[in-house]
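Visitor: Going by our numbering, the first residue of the sequence shown is number 3, and it counts up by one from there.
Don't be surprised by glycine CBs; every beta carbon is placed ideally from N, CA and C.
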Amino acid sequence: MKYAMILEYISAALERANYEIIEDAEPYYGEIPELPGVFATGRTLEECRRNLAGVIDEWLIIRLRRGLPIPPVAGRTVGEIVRVDTGAGA
């Protein structure tokens, strides 16, 4: 159930993504306005979207581990998920 909540959050965030083409080896750029610091690039729009999903996932993990707030996106939250100590260090 917690994983479904995370997947719903990531899906909602991807629906809110802004994409543009930039001058770069990976010309597709995407970002989520509601999630500070969440952006990715890719050689294709599909690759950019996959990379952006991975960045959101990592961003969530970091915020959960540090006990930082996670803003709602399109009415979706992950507030019910509690920090899990994996023993992997801080």
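DSSP puts Y30 in a beta bridge; with which residues?
Guide: Locating residue 30 in the sequence shown gives position 28, where the first residue counts as 1. Bridge partners of Y30: I23, G44.
Visitor: Which of the three DSSP states is assigned to V75 in this structure?
Guide: Translated into the one-based positions of the sequence shown, residue 75 becomes position 73. Three-state result, V75: strand.
Visitor: For G56, name the three-state secondary structure that DSSP assigns.
Guide: Here residue 56 refers to the residue found at position 54 of the sequence shown. Correct three-state label for G56: helix.
Visitor: What do you get for Y70, buried or exposed, if any count of 16 or more other CB atoms within 10 angstroms of its CB means buried?
Guide: The count along the sequence shown starts at 1 and reaches residue 70 at position 68. Checking the displayed sequence, the identity of residue 70 turns out to be Leu instead of Tyr. When all chains shown are included, L70 counts as exposed.
Visitor: Please classify V86 as buried or exposed, where buried requires at least 16 other C-beta atoms within 10 Å of its C-beta.
Guide: Taking the first residue of the sequence shown as 1, we reach residue 86 at position 84. At V86 the pLDDT is 46, less than 50, meaning the model places this residue with poor confidence and gives no usable figure here.
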